[in-house]
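Student: Take a look at the following structure, please.
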Amino acid sequence: MAARRSRSRTPLERRADNANAVITNLAFKKPPGRQGPTQRKRVQTEREPETGIPLTKPVVLSLVDLSFMLTLVFGGCCTNVWTYEYLLKIDSRLGTALTFSQMAFVTIHSLPSFLSWDRAHTIPLPSFKPRHVPVFQWALQVFVLTAGNLLTNWAYAFNVPLTIQIVFRSAGLVVSLIFGRLFLNKRYTLSQIASVLLVTIGVVLATLSRPAPPISQTTPDDATDYTIGISMLTLSLLLTGVLGMLQEITYKKYGPHWKEGLFYTHSLSLPVFLFLVPHVKYGFTSLSSSTSKFSSRTPDADPTFAALSANLPSAVAPLTPYLILAANLVTQLICVSGVNQLSSRVSSVSTNLVLTTRKALSLCFSVWWFGNGWNTELGIGAGMVFLGSLLYTLVSSSSSKEENDKKKDE
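Going by this note's numbering, the letters in the sequence shown line up with residues 1 to 410, in that order.
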């Protein structure tokens, strides 16, 4: 036995022992949390230094999901604003009819996903699938959503230009911060508040750089009408903040069922338009009577609208208003889906930040497309928006990392 122990091993045997040792270490390797200090130090020394977040499969899927949501928001919403401005150029009082069309289109599109068919009967009968969220939760959001949209649309009838409306919508960031602090007990750092204010000021500056539409005639009642319109926008802004807060509370309590929220908030709002039938009827009548503006062969053709339908067949050109309306409905569905997905993943402040950045891009695109001109104020405002968005992202990421480190230390 002693002679056997003292025998020197051949190179082939030593190589086999090394291979077995490697396989054993891989098979019975301890998790990182169970390694001893010496072993953990040696592994960290041998491992290449890590930079950033490791690209694991969940991280990659989250990044793809977030990129898809941002594509829906920026692509769908910006295109929707473009078609919306075209419709407003046809008639500024199309707001109620357009809102009804959007609500009905989203409802019809989403309805099949929430119906189940009872095959027990000779003729299958449809019924609604069980809800994840109580209907009264959606009913509260329906009231806030419908009232806010109607107030915004009615403001056009009180001589409030589109530039002022964009300013008020951009101020939703401040409302979300105030509501989050007062009602949700959230805390925001000074850097976050400063970043949000920088974004808001940038959008306001970029918006005010656009010239307001000229008013051909002024009357003593214009100031009164304008005050009423501003009051409507102020109330609509507060309702938008309440809606974001209700959505955040609902998603935290019942889960991110944004598709269910999209369907019920739009379908339950349709009965409200029974009280607005004259306004809806007027909108469609005005849309039908404007078809001659898009045909270059008619004497009352508008050059702006005729250029849009110049490449269309003569038989299709008069239908251009309805094509624009159809594009508005489709892009509105894409936009709403993206916003709902985003609000179900992040806080209302972050959602409003993305929407504010999107409004700045829509403003720049509108200025470029409709030839309203580019000036220094618009460039500075857009730069402030992008800078504020970047600062907010960096500050929020740093704050989240510090909170996670504190939790790990505890």
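Even for Gly, the Cβ is constructed at its ideal location relative to N, Cα and C. Model, not experiment: these values are computed from the prediction.
Nearest to Asn149 by alpha carbon, out of Leu363, Met103, Tyr392?
Tutor: Counting from one through the sequence shown, the residue named residue 149 turns up at place 149. Of the listed residues, the one whose Cα sits closest to Asn149 is Met103.
Student: Using CA coordinates, which residue listed in Tyr156, Gln247, Cys364 is at the minimum distance from Asp222?
Tutor: What you label residue 222 is simply residue 222 of the sequence shown in a count that begins at 1. The shortest C-alpha separation from Asp222 is found at Tyr156.
Student: Quick one, which of Tyr226, Ser110, Ala147 has its alpha-carbon nearest Lys129's?
Tutor: Residue 129 sits at position 129 when you count from the first residue of the sequence shown. Ranking Tyr226, Ser110, Ala147 by Cα distance to Lys129 puts Ser110 first.
Student: By DSSP, does Val43 sit in helix, in strand, or in coil?
Tutor: For the purposes of this step, residue 43 is taken as the residue at position 43 of the sequence shown. A caution first: Val43 carries a pLDDT of 47, below 50, which makes its placement in the model unreliable, though a value can still be read off. DSSP places Val43 in helix when its eight states are reduced to three.
Student: Run the CB neighbour count on Thr285, radius 10 Å, all protein chains shown included, and call it buried at 16 or more, exposed below.
Tutor: Mapped onto the sequence shown, residue 285 falls at position 285. Flag for Thr285 reads exposed.
Student: Classify Ser413 as helix, strand or coil using the three-state DSSP reduction.
Tutor: Past the boundaries of the shown model lies residue 413; the chain is included only from 1 to 410, so the question cannot be answered.
Student: For Ile228, which residues in the same chain have their Cβ closer than 6 Å to its Cβ, ignoring the five residues on either side in sequence?
Tutor: On the sequence shown, position 228 is the one that residue 228 refers to. Cβ neighbours of Ile228 beyond the five flanking positions: Phe158.
Student: Using C-beta distances below 6 Å, list every residue in its chain close to Ser343, excluding the 5 sequence neighbours before and after it, in chain order.
Tutor: Your numbering for residue 343 matches position 343 in the sequence shown. Answer for Ser343: Gln247, Thr351, listed in chain order.
Student: Return the Cβ separation of Gly261 and Phe179 in integer angstroms, given the expectation that the two are a contact with Cβ distance under 8 Å.
Tutor: Taking the sequence shown and counting its residues from 1, the one referred to as residue 261 is at position 261. Taking the sequence shown and counting its residues from 1, the one referred to as residue 179 is at position 179. In fact, because the Cβ distance is near 19 Å, the residues do not count as touching under 8 Å.
Student: By DSSP's criteria, Pro126 is part of a beta bridge. Which residues make up the other side?
Tutor: Counting from one through the sequence shown, the residue named residue 126 turns up at place 126. Bridge partners of Pro126: Trp117.
Student: Helix, strand or coil, according to DSSP, for Pro204 in the structure here?
Tutor: Numbered from its first residue, the sequence shown carries residue 204 at position 204. It is worth fixing the name first, because residue 204 is Val in this sequence and not Pro. Helix.
Student: Leaving out five residues before and five after Ser362 in sequence, what residues of the same chain have Cβ atoms less than 8 Å from its Cβ?
Tutor: Residue numbering aside, residue 362 sits at position 362 when the sequence shown is read from its first letter. The residues are Cys77, Cys78, Val81, Trp82.
Student: In whole angstroms, what separates the C-alpha of Leu197 from that of Gln137?
Tutor: Taking the sequence shown and counting its residues from 1, the one referred to as residue 197 is at position 197. Taking the sequence shown and counting its residues from 1, the one referred to as residue 137 is at position 137. Their Cα atoms are separated by approximately 31 Å.
Student: Whether or not the stretch 248-257 and the stretch 187-194 are in contact is what I'm after, with contact meaning three or more pairs of Cβ atoms, one per stretch, closer than 8 Å; do they touch?
Tutor: Segments in contact, no.
Student: Any contact of the stretch 165-177 with the stretch 272-289, i.e. 3+ C-beta pairs under 8 Å?
Tutor: Taking 8 Å as the limit for Cβ pairs, the verdict is that the stretch 272-289 does not touch the stretch 165-177.
Student: May I have the straight-line CA-CA distance separating Ser92 from Tyr86, to the nearest angstrom?
Tutor: Here residue 92 refers to the residue found at position 92 when the sequence shown is read from its first residue. Here residue 86 refers to the residue found at position 86 when the sequence shown is read from its first residue. Those two C-alpha atoms are separated by around 10 Å.
Student: Compare the Cα-Cα distances from Val160 to each of Thr356, Phe143, Ser290, Ile230 and report the closest residue.
Tutor: Reading the sequence shown from its first residue, position 160 is the one you call residue 160. Here the closest residue by C-alpha is Ile230.
Student: Determine the contact status of Lys325 and Leu287, defining contact as a CB-CB distance below 8 Å.
Tutor: The sequence position of residue 325 within the sequence shown is 325, counting from 1. The sequence position of residue 287 within the sequence shown is 287, counting from 1. Per the sequence shown, the amino acid found at residue 325 is Leu instead of Lys. A contact, by the Cβ cut-off of 8 Å.
Student: Can you name, in chain order, every residue of its own chain whose Cβ lies under 7 Å from the Cβ of Ile380, other than the five neighbours on each side?
Tutor: For this step, residue 380 is matched to residue 380 along the sequence shown. The residues are Leu205.
Student: Of the residues Pro126, Ile108, Thr122, Thr107, which one's Cα is nearest the Cα of Ser116?
Tutor: One-based indexing of the sequence shown puts residue 116 at position 116. Looking at the Cα atoms, Pro126 is the closest of the given residues.
Student: What three-state label does DSSP hand Val272 in the structure shown?
Tutor: If you number the sequence shown from 1, residue 272 lands on position 272. In this structure, Val272 counts as helix in the three-state DSSP scheme.
Student: Note down the Cα distance separating Lys252 from Leu319, rounded to an integer number of angstroms.
Tutor: What you label residue 252 is simply residue 252 of the sequence shown in a count that begins at 1. What you label residue 319 is simply residue 319 of the sequence shown in a count that begins at 1. Approximately 45 Å between the Cα atoms of the pair.
Student: Whole angstroms are fine: how far does the CA of Tyr188 sit from the CA of Leu394?
Tutor: Walking along the sequence shown from the start, residue 394 turns up at place 394. Walking along the sequence shown from the start, residue 188 turns up at place 188. Roughly 14 Å separates the two Cα atoms.
Student: If we call anything under 8 Å between Cβ atoms a contact, is Met232 one with Leu151?
Tutor: What you label residue 232 is simply residue 232 of the sequence shown in a count that begins at 1. What you label residue 151 is simply residue 151 of the sequence shown in a count that begins at 1. Result yes, Cβ atoms of Met232 and Leu151 sit closer than 8 Å.
Student: CA-CA distance, Leu70 and Val133?
Tutor: Counting from one through the sequence shown, the residue named residue 70 turns up at place 70. Counting from one through the sequence shown, the residue named residue 133 turns up at place 133. Using only the alpha carbons, I get a separation of about 26 Å.
Student: Thinking C-alpha only, which one of Leu72, Leu323, Ser67 is nearest Gly338?
Tutor: Here the question's residue 338 lines up with position 338 in the sequence shown. Closest option to Gly338, Cα to Cα, is Leu72.
Student: Start and end of the alpha helix (DSSP H) containing Tyr264?
Tutor: Against the sequence shown, residue 264 aligns to sequence position 264. Here the alpha helix (DSSP H) through Tyr264 covers 258-267.
Student: Give the C-beta separation of Gly95 and Asn153 to the nearest angstrom, bearing in mind that I take them to be a contact with Cβ-Cβ under 8 Å.
Tutor: Here the question's residue 95 lines up with position 95 in the sequence shown. Here the question's residue 153 lines up with position 153 in the sequence shown. Yes, Gly95 and Asn153 are in contact; Cβ-Cβ is about 3 Å, under 8 Å.
Student: Whose C-beta lies closer than 7 Å to the C-beta of Leu333 among residues of the same chain, with five residues either side of it excluded?
Tutor: Looking up residue 333 in the sequence shown gives position 333. Cβ neighbours of Leu333 beyond the five flanking positions: Phe105, Val106, His109.
Student: CB-CB under 7 Å to Arg358, same chain, minus the five flanking residues each way: which ones, in chain order?
Tutor: Residue numbering aside, residue 358 sits at position 358 when the sequence shown is read from its first letter. Excluding sequence neighbours, Arg358 sits near Val73, Phe74, Cys77, Cys78.
Student: Is it buried or exposed, Tyr392, if we count other Cβ atoms within 10 angstroms and call 16 or more buried?
Tutor: Counting from one through the sequence shown, the residue named residue 392 turns up at place 392. Buried, since its Cβ has 16 or more Cβ neighbours within 10 Å.
Student: Does DSSP put Leu329 in a helix, in a strand, or in coil?
Tutor: Residue numbering aside, residue 329 sits at position 329 when the sequence shown is read from its first letter. Three-state DSSP puts Leu329 in a helix.
Student: Determine whether the beta carbon atoms of Val199 and Leu353 lie at a separation below 8 Å.
Tutor: Looking up residue 199 in the sequence shown gives position 199. Looking up residue 353 in the sequence shown gives position 353. Yes. Within cutoff.
Student: Could you name the residues of the same chain whose beta carbon sits closer than 7 Å to that of Leu276, not counting the 5 residues immediately before and after it, in chain order?
Tutor: Taking the first residue of the sequence shown as position 1, residue 276 is located at position 276. Around Leu276: Thr96.
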